[in-house]
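Residue 2 is where the sequence shown starts when you use this note's numbering, and the numbers rise one by one after that.
We put the CB at the ideal spot given by N, CA and C, even for glycine.
Computed from a predicted model, the values in this text were never measured in an experiment.
For reference, the structure is listed below as structure tokens.
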Amino acid sequence: MNAVLIAVTVMLVLSLVRVNVVMALIIGALTGGLIGGLGLEGTIAAFSDGIAGGANIALSYALLGGFAVAISSTGIANLLVEWVLKIVGKEGDSRKKALSKALIVLLVLLMACFSQNLIPIHIAFIPILIPPLLRVMNELEIDRRLIASVLTFGLTAPYILLPVGFGYMFQEIIADNMASSGLEVSMSEIPTAMLLPTLGLVVGLLVAIFFSYRKPRQYKQHTSVAAKQNEESYSIRKIVFAVVAIVAALYVQLAWDSMIFGALAGIFVLYITRAISWKQSDDLLNEGMRMMAFIGFVMISAAGFATVIRETGHVQTLVEHTSALVGGSQALAAMLMLIVGLLVTMGIGSSFATIPIIAAIFVPLAVELGFSPLATIAIIGTAGALGDAGSPASDSTLGPTAGLNTDNQHNHIWDTCVPTFLHFNIPLIIFGWLAAIIL
2 MNAVLIAVTV
12 MLVLSLVRVN
22 VVMALIIGAL
32 TGGLIGGLGL
42 EGTIAAFSDG
52 IAGGANIALS
62 YALLGGFAVA
72 ISSTGIANLL
82 VEWVLKIVGK
92 EGDSRKKALS
102 KALIVLLVLL
112 MACFSQNLIP
122 IHIAFIPILI
132 PPLLRVMNEL
142 EIDRRLIASV
152 LTFGLTAPYI
162 LLPVGFGYMF
172 QEIIADNMAS
182 SGLEVSMSEI
192 PTAMLLPTLG
202 LVVGLLVAIF
212 FSYRKPRQYK
222 QHTSVAAKQN
232 EESYSIRKIV
242 FAVVAIVAAL
252 YVQLAWDSMI
262 FGALAGIFVL
272 YITRAISWKQ
282 SDDLLNEGMR
292 MMAFIGFVMI
302 SAAGFATVIR
312 ETGHVQTLVE
322 HTSALVGGSQ
332 ALAAMLMLIV
342 GLLVTMGIGS
352 SFATIPIIAA
362 IFVPLAVELG
372 FSPLATIAII
382 GTAGALGDAG
392 SPASDSTLGP
402 TAGLNTDNQH
412 NHIWDTCVPT
422 FLHFNIPLII
432 FGWLAAIIL
């Protein structure tokens, strides 16, 4: 039995039956470690070593959540909320309502796409933008599964296709690992190879928007600590200082490549300008940290899970067994390689970390089977990207959940992971396979 396959299956099945994702990751890691021959002590040791690596990102998200709620309390997000509510109108005109839904979807889509390339802050914008918009979404009866799908699309498609920001990092990893595995490719070839797989993501997004989640869905209104303070105090001065805080946080994050110190810089600006009340600042920061606590604990657990399955050595075994099954069939080889990429990324939760694992075997196999360099890029890139959408441990799903579940009405597995898996991984496999055959 392959430890990776069993561990990922256990983790996914437990998550689907509504076992807490953190518990599912721990149990999955324990199962994989034992099957992989690490023994109980070895599995616990590997898991413990892995979770240490997740502490930095957990603290980053906690501080980011605190900063997001503090920013919301200044009233800056409510400007957008009030503007959209004016468009909706008191009469609830159907045409205005449809326009408002389109504006919300477009706004979220643009922000998600920009966060990967134009302003590479990844999921940092979600806890700032999404929680204040929940009131508007509730008024418009927007299905939050649609917004989760839009966010996940924006967090994945741009870096797969565009060689800017996180996209440059992803494509550089592809090029470097393919070169180290014996196949030199140009960075300029990667967007061409990834165009068809990205089109699959676009198809999935269109299905989600116009078919799957077009019907209204009702949610209860919820008032947070930040919203309560927002009703009590609202001024242009606070909004101006909120903008300054956002700029400061963005500058520090990009200049020093640290989400922790970026969030601290933003919070510091809000403190010294008195944009947030000293008396209520502790409650605000605590609420924000609680909002992001779930994603932090999942990322810590996911780091431990990934370390355990790497230590078993069964990732390499899975790839080698897949290679042995294909015979001389390009079509079968491409499909199996994509499925292996899906399994590995679903467990690890990172497409960036999957590429080095699979490239060492997939590149020689692709060359041996006669795949062109462009087709090989499409296989490696698509196999790496598969699972980023839909994985319970991926920040591309955890980020949307953290923003959409601030009022406890959005389930991580059934409202984020399952919809994004169905709408993005399935078409990505189909279009990635077509790219491998056509190119």
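For residue i, I'd like the list of residues in its chain whose CB is within less than 7 Å of its CB, leaving aside the five on either flank, ordered along the chain.
i: residue 308; result: 47, 48, 50, 51
i: residue 146; result: 214, 416, 420
i: residue 422; result: 390, 391
i: residue 239; result: 75, 76, 276
i: residue 139; result: 220, 222
Would you call residue i buried or exposed, if buried means 16 or more other Cβ atoms sit within 10 Å of its Cβ?
i: residue 371; result: exposed
i: residue 183; result: exposed
i: residue 24; result: exposed
i: residue 426; result: buried
i: residue 316; result: buried
i: residue 258; result: exposed
i: residue 188; result: exposed
i: residue 161; result: buried
i: residue 173; result: exposed
i: residue 216; result: exposed
i: residue 227; result: Note that residue 227 scores 48 on pLDDT, short of 50, meaning its location in the model is unreliable; the coordinates nonetheless yield the value given after this. Buried, because 16 or more other Cβ atoms sit within 10 Å of the Cβ of residue 227.
i: residue 143; result: buried
i: residue 73; result: buried
i: residue 254; result: buried
i: residue 364; result: buried
i: residue 312; result: buried
i: residue 278; result: exposed
i: residue 430; result: buried
Expressed to the nearest angstrom, what Euclidean distance is found between the alpha-carbon atoms of residue i and residue j?
i: residue 388; j: residue 343; result: 5 Å
i: residue 170; j: residue 212; result: 34 Å
i: residue 268; j: residue 71; result: 8 Å
i: residue 98; j: residue 210; result: 15 Å
i: residue 300; j: residue 393; result: 10 Å
i: residue 56; j: residue 65; result: 14 Å
i: residue 410; j: residue 403; result: 11 Å
i: residue 334; j: residue 340; result: 10 Å
i: residue 338; j: residue 360; result: 10 Å
i: residue 15; j: residue 434; result: 29 Å
i: residue 346; j: residue 248; result: 34 Å
i: residue 252; j: residue 439; result: 43 Å
i: residue 175; j: residue 221; result: 45 Å
i: residue 181; j: residue 432; result: 27 Å
i: residue 275; j: residue 132; result: 23 Å
i: residue 256; j: residue 265; result: 14 Å
i: residue 382; j: residue 117; result: 17 Å
i: residue 332; j: residue 396; result: 31 Å
i: residue 233; j: residue 19; result: Because residue 233 carries a pLDDT of 45, less than 50, the predicted location of this residue cannot be relied on, and no value is offered for it.
i: residue 245; j: residue 198; result: 39 Å
i: residue 13; j: residue 218; result: 27 Å
i: residue 242; j: residue 263; result: 16 Å
i: residue 261; j: residue 9; result: 30 Å
i: residue 67; j: residue 270; result: 13 Å
i: residue 31; j: residue 196; result: 39 Å
i: residue 135; j: residue 185; result: 48 Å
i: residue 368; j: residue 322; result: 17 Å
i: residue 250; j: residue 319; result: 43 Å
i: residue 115; j: residue 158; result: 11 Å
i: residue 366; j: residue 348; result: 23 Å
i: residue 137; j: residue 61; result: 28 Å
i: residue 104; j: residue 326; result: 49 Å
Spatial neighbours of residue i within its chain, please: CB distance less than 6 Å, with the 5 preceding and 5 following residues excluded, ordered by chain position.
i: residue 428; result: 201, 204, 205
i: residue 113; result: 152, 155, 156
i: residue 178; result: 356, 357, 360
i: residue 437; result: 335, 376, 379, 380
i: residue 34; result: 44, 309
i: residue 386; result: 161, 352
i: residue 126; result: 112, 116
i: residue 124; result: 396, 400
i: residue 273; result: none
Within a Cβ cutoff of 8 Å, which residues of the same chain sit near residue i, ignoring the five residues on either side of it in sequence?
i: residue 149; result: 398, 401, 402, 405, 411, 416, 417, 420, 421
i: residue 27; result: 48, 302, 305, 306
i: residue 119; result: 165, 166
i: residue 102; result: 141, 143
i: residue 414; result: 16, 17, 19, 22, 393
i: residue 192; result: 162, 163, 164, 172
Is the CB of residue i under 8 Å away from at least one CB in chain C?
i: residue 193; result: Absence of chain C from the displayed structure is noted, only one protein chain being present.
Is residue i near the ligand COA, with its Cβ less than 7 Å from a heavy atom?
i: residue 102; result: The model depicted lacks the ligand COA and carries no ligand whatsoever.
| query | Contact between the segment 37–47 and the segment 351–359: three or more CB pairs below 8 Å? | reply | With a cut-off of 8 Å, the segment 351–359 and the segment 37–47 do not count as touching, because too few Cβ pairs lie within range.
| task | Take every Cβ of the segment 4–19, pair it with every Cβ of the segment 274–286, and state whether three or more of those distances are shorter than 8 Å. | result | By the criterion of at least three beta-carbon pairs nearer than 8 Å, the segment 4–19 is not in contact with the segment 274–286.
| query | For the segment 158–170 against the segment 100–109, are there 3 or more C-beta pairs whose distance is under 8 Å? | reply | no
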